[in-house]
Amino acid sequence: MSVIYREEDLYDPVRRFFNEAGYSVRGEVAHCDVVAAKGTDMIAVEMKLTLNLTVIVQATQRQRLCPEVWVAIPRPPRSMRSRQWQHKLHLLRRLELG
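What the sequence shown shows, in my numbering, is residues 1008 to 1105, in sequence order.
Here is the structure:
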């Protein structure tokens, strides 16, 4: 995997992930960074370099536009088992964000 320096660098891995699952993918649709569609399924994806409050708020705002919203970030360098990371994942689940 290549190093990710900008949010735009996340587009290709996200596009590839959804294309392999049979989705068509478009970037920058109705204020969403990425929209993936397959049949009647539609997923909006907000991309950021870190999992922070800004991306969580943006993702919850996108829930008004799209039935399913995911957050895409690069794999964090620190352990994903840390308490802080687990709290963030808990918040995403409670807000029904993928």
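Just so it is clear, CB atoms sit at the ideal spot from N, CA and C, and this is done for glycine as well.
Which listed residue (the options) has its alpha carbon closest to that of residue i
i: residue 1105; options: 1054, 1020, 1085, 1088; result: 1054
i: residue 1058; options: 1018, 1020, 1094; result: 1094
i: residue 1102; options: 1069, 1091, 1090; result: 1069
i: residue 1082; options: 1056, 1071, 1051; result: 1056
i: residue 1014; options: 1100, 1048, 1041; result: 1041
i: residue 1071; options: 1030, 1096, 1017, 1039; result: 1039
Alpha-carbon to alpha-carbon, residue j and residue i
i: residue 1098; j: residue 1088; result: 15 Å
i: residue 1073; j: residue 1043; result: 11 Å
i: residue 1035; j: residue 1092; result: 28 Å
i: residue 1075; j: residue 1049; result: 7 Å
i: residue 1077; j: residue 1084; result: 20 Å
i: residue 1037; j: residue 1090; result: 35 Å
i: residue 1032; j: residue 1017; result: 13 Å
Range covered by the beta strand (DSSP E) that runs through residue i
i: residue 1035; result: 1031-1036
i: residue 1051; result: 1048-1054
i: residue 1066; result: Unbroken run through residue 1066 is the alpha helix (DSSP H), 1060-1069; no beta strand (DSSP E).
i: residue 1044; result: 1039-1045
i: residue 1028; result: Segment: none, residue 1028 is in no beta strand (DSSP E) and carries neither H nor E.
DSSP state of residue i mapped onto helix, strand, coil
i: residue 1015; result: helix
i: residue 1103; result: coil
Item to check | Segment contact, 8 Å Cβ cut-off, at least three pairs: the segment 1060-1067 with the segment 1022-1029 | outcome: Short answer: they don't touch.
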